[in-house]
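S.K.: Below is a structure I'd like to ask you about.
Numbering (this note's numbering), first residue to last: 43 to 215.
Here it is in structure tokens:
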């Protein structure tokens with residue numbers, strides 16, 4: 043009797059496990075959007091304005107064999123109240139192949155922000171209702187990873203991403 047009960051419990055557990063894996067396994071895939079598309083979150087609308095692959099940002103150079111991937115984006119508070127900066131959207135540069143996430147190069151990001159007229163001094167301030175804020179980040183990435191074509195800019199806390207594409211002759215010097 044105990045063996046039969048244990049067998050039934052095991053079968054039910056395996057069924058629940060398979061259904062859970064099937065359900066949540068499907069929900070992890072990214073939806074690829076185009077640069078310029080609007081992504082709506084809980085408090086915001088976000089748009090990736092520009093993605094650039096470059097060998098340098100002014101006088102800041104990446105390590106040998108690496109390049110910079112610079113991303114300019116903006117977001118708008120779509121609520122009727124101010125939103126604290128911790129609730130505002132963020133992005134991540136990652137590999138779609140092996141889930142590797144790349145680190146921000148803060149020196150290059152600061153220079154790129156100046157070039158792109160992004161005011162980093164207000165980033166920790168709340169975003170008032172219906173206001174829009176520009177943002178920018180620069181990541182240092184292996185040139186081989188860029189050329190492999192498996193990079194994506196993910197909009198955090200969503201299932202949306204923009205592919206990083208490098209067309210021949212598009213890379214800046």
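Yeah, the Cβ is synthetic: ideal placement off N, Cα and C, and Gly gets one too.
Starting from residue 151, trace the alpha helix (DSSP H) in both directions and tell me its first and last residue.
M.R.: Segment 148-157, the alpha helix (DSSP H) holding residue 151.
S.K.: Tell me the DSSP secondary structure of residue 71 in three-state form.
M.R.: The answer is coil: DSSP assigns residue 71 none of H, G, I, E or B.
S.K.: Under 8 Å, with one C-beta from each stretch per pair, do the stretch 157-165 and the stretch 195-205 reach the 3-pair mark?
M.R.: The answer is no - the stretch 195-205 does not touch the stretch 157-165, with fewer than three Cβ pairs under 8 Å.
S.K.: Give the DSSP bridge partners of residue 196, in chain order.
M.R.: Note: residue 196 sits in a beta bridge opposite 134, 203.
S.K.: Roughly how many angstroms separate the alpha carbons of residue 94 and residue 86, rounded to a whole number?
M.R.: Computed Cα separation, rounded: 24 Å.
S.K.: Find out if the Cβ-Cβ distance for the pair residue 138, residue 176 is shorter than 8 Å.
M.R.: In this structure, residue 176 does not lie closer than 8 Å to residue 138 by Cβ.
S.K.: Grab me the residues of residue 122's own chain with a C-beta within less than 7 Å of its C-beta, minus the 5 sequence neighbours each way, in chain order.
M.R.: Contacts found: 171.
S.K.: Which residues mark the beginning and the end of the alpha helix (DSSP H) in which residue 87 is found?
M.R.: Residue 87 -> not in any alpha helix (DSSP H); beta strand (DSSP E) instead, spanning 86-96.
S.K.: Does residue 114 come out as helix, strand or coil in the three-state DSSP assignment?
M.R.: It is a strand residue.
S.K.: DSSP three-state call for residue 120: helix, strand or coil?
M.R.: DSSP places residue 120 in coil when its eight states are reduced to three.
S.K.: Return the residue from the list 71, 84, 91, 72 that minimises the CA-CA distance to residue 78.
M.R.: Residue 91 is the option with its Cα nearest to residue 78.
S.K.: According to DSSP, simplified to helix, strand and coil, what is residue 188?
M.R.: Of the three classes helix, strand and coil, the one that applies to residue 188 here is helix, per DSSP.
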